[in-house]
Amino acid sequence: MYDAIVVGARCAGSPTAMLLARRGYRMLLVDRDTFPSDILSTHYIHQPGVAKLQEWGVLEGVLATNAPPIKTLHIESGGIRLKGMPIYQGIDFALCPRRTALDTVLVDAAVAAGAELRDGFVVEDVVWDQDTVVGIRGHGKGRASVEERARVVIGADGMHSVIAPKVQPQEYNTRPPLGCGYYAYFSGVPMDGAEVHFLEENVNFGFPTNDGQTCVAVEWPNSQFAAIRQDYEGAFVRALQGTPDFAARVAQGRRETRFTGVGNIPNFFRTPYGSGWALVGDAGYHKDPVTGLGITDAFLDAELLAGALHDGWSGHRPLSEALAGYERRRNERAFPLYELTIQGASFQPPP
Numbered sequence: 001m002y003d004a005i006v007v008g009a010r011c012a013g014s015p016t017a018m019l020l021a022r023r024g025y026r027m028l029l030v031d032r033d034t035f036p037s038d039i040l041s042t043h044y045i046h047q048p049g050v051a052k053l054q055e056w057g058v059l060e061g062v063l064a065t066n067a068p069p070i071k072t073l074h075i076e077s078g079g080i081r082l083k084g085m086p087i088y089q090g091i092d093f094a095l096c097p098r099r100t101a102l103d104t105v106l107v108d109a110a111v112a113a114g115a116e117l118r119d120g121f122v123v124e125d126v127v128w129d130q131d132t133v134v135g136i137r138g139h140g141k142g143r144a145s146v147e148e149r150a151r152v153v154i155g156a157d158g159m160h161s162v163i164a165p166k167v168q169p170q171e172y173n174t175r176p177p178l179g180c181g182y183y184a185y186f187s188g189v190p191m192d193g194a195e196v197h198f199l200e201e202n203v204n205f206g207f208p209t210n211d212g213q214t215c216v217a218v219e220w221p222n223s224q225f226a227a228i229r230q231d232y233e234g235a236f237v238r239a240l241q242g243t244p245d246f247a248a249r250v251a252q253g254r255r256e257t258r259f260t261g262v263g264n265i266p267n268f269f270r271t272p273y274g275s276g277w278a279l280v281g282d283a284g285y286h287k288d289p290v291t292g293l294g295i296t297d298a299f300l301d302a303e304l305l306a307g308a309l310h311d312g313w314s315g316h317r318p319l320s321e322a323l324a325g326y327e328r329r330r331n332e333r334a335f336p337l338y339e340l341t342i343q344g345a346s347f348q349p350p351p
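Note that my numbering numbers the sequence shown so that position 307 is 307, with each residue one more than the last.
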């Protein structure tokens with residue numbers, strides 16, 4: 001019997017498991033993937049997220065993967081250019097580590113804290129006792145199904161969560177898909193920090209990442225997704241031409257990976273808790289990637305959820321009250337940034 005089973009061991013799940021394991025709770029952390037492995041993500045971490053890595057004692061491990069500190073952010077929109085990097089709690093840089101690197105550091109930190117890891121484990125279903133979730137059923141590769149029980153099952157498995165449809169949380173503040181995008185990694189691109197260029201028909205991004213490479217990405221209106229995917233490389237090159245200097249620097253480099261793309265990106269909030277279950281990260285709140293807030297939000301939500309569960313389990317206050325506080329605090333922080341993201345992904349001028 002575990003205190004909690006966390007389904008999904010990436011940016012929301014591993015920190016949640018780590019923080020609770022550090023408080024002495026018995027944690028099981030499962031993921032369908034093995035580590036290191038990649039996942040769809042442009043993986044920018046804003047300063048509040050970097051501050052959490054430092055607070056948790058894992059920042060040095062992330063920096064050791066050769067992910068460069070990003071000291072400058074260039075933003076261009078409507079002919080206005082901004083340059084700088086706000087300081088947050090003493091942190092004067094952002095990061096953009098590849099998920100193969102970042103997620104492995106986070107998983108290792110959770111295991112070092114005492115969490116049990118089962119990667120390559122596929123969750124088939126949740127286990128119910130009347131109207132309360134009491135565990136999961138799943139299997140490792142080539143193995144028979146097993147059941148594991150816990151006080152709480154935590155879905156930290158992303159926007160296409162396996163857990164969420166099983167527990168059927170209420171969705172609210174939903175918006176239609178707004179953006180679609182493609183990205184690839186290039187070597188040899190001269191960069192002075194990160195770049196975001198808002199144009200009328202697309203947004204161009206450049207983020208320095210591990211080993212001297214740059215994540216180059218383009219986002220378009222979702223209405224163009226069907227056409228773009230017919231010739232995504234051509235559309236990508238044409239979109240970059242809207243920022244000639246950036247395009248010229250990308251052309252100096254060499255593409256090192258295939259293009260990765262996504263469309264029909266959902267925007268929603270979900271009630272993130274119920275009887276025997278909770279949701280964290282993209283499983284509980286998802287938005288367009290144009291503002292690059294996903295990882296930072298996952299870190300902040302993980303800390304809120306871990307704190308709420310500890311408050312409930314330790315008797316500091318009733319668990320239902322603590323989890324309601326988790327949702328309230330998440331929404332107080334996230335709602336304004338969600339609206340900013342929706343505006344940025346709408347390709348419309350501000351009201």
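Virtual Cβ for every residue (Gly too), placed ideally from N, Cα, C. Source: prediction; values computed, not measured.
- Taken atom to atom, the span from the alpha-carbon of D211 to that of L53 is near 20 Å.
- In the three-state reduction of the DSSP assignment, M18 falls in the helix class, which pools H, G and I.
- Note that the C-beta distance between I136 and V153 is below 8 Å.
- Assigned with DSSP and collapsed to three states, S346 falls in coil, not helix or strand.
- The C-beta distance from G140 to G120 rounds to 6 Å, short enough to fall under 8 Å.
- Per DSSP, the continuous beta strand (DSSP E) segment holding V122 begins and ends at 121-129.
- Collapsing the DSSP output to three states places G212 in a helix.
- In the DSSP assignment, E195 falls outside any alpha helix (DSSP H) and lies within the beta strand (DSSP E) extending over 194-198.
- The straight-line gap separating the alpha-carbon atoms of N331 and I75 is approximately 27 Å.
- Closest by C-alpha distance to L95, out of A110, E147, G61, is G61.
- By alpha-carbon distance to D288, the top candidate from Y182, W220, T341, P169 is T341.
- Residue state for N66 is assigned as coil, using DSSP reduced to three classes.
- N222 sits in a helix when the DSSP states are folded into three classes.
- The three-state secondary structure of R98, taken from DSSP, is coil.
- For the pair of segments examined, the stretch 247-258 was found not to touch the stretch 268-280: the number of CB pairs separated by less than 8 Å stays below three.
- Taken through DSSP and simplified to helix, strand or coil, D92 comes out as coil.
- CA-to-CA, the gap between E200 and D92 works out to about 31 Å.
- T16 and G284 have their C-alpha atoms spaced approximately 14 Å apart.
- Counting of Cβ neighbours within 10 angstroms places F35 among the buried residues, the total reaching 16 or more.
- Proximity to G79 across F269, A112, Q168, H197 peaks at H197, based on C-alpha coordinates.
- With contacts defined by Cβ atoms closer than 8 Å, F186 and E256 form a contacting pair.
- F268 and D108 have their C-alpha atoms some 30 Å from each other.
- Shown here for M85: same chain residues with a beta carbon closer than 8 Å to its own, the five before and five after excluded, namely Q47, I70, K71, T72, L73, D92, F93, A94, G193 in chain order.
- With at least 16 other beta carbons inside 10 angstroms of its own, A113 counts as buried.
- Of the candidates T260, E327, R270, E55, T260 places its Cα closest to the Cα of A184.
- In the structure shown, L293 adopts coil according to DSSP, grouped into three states.
- Counting the other CB atoms within 10 Å of its CB gives T174 a total below 16, which places it among the exposed residues.
- Around the beta carbon of R258, fewer than 16 other beta carbons sit within 10 angstroms, so the residue counts as exposed.
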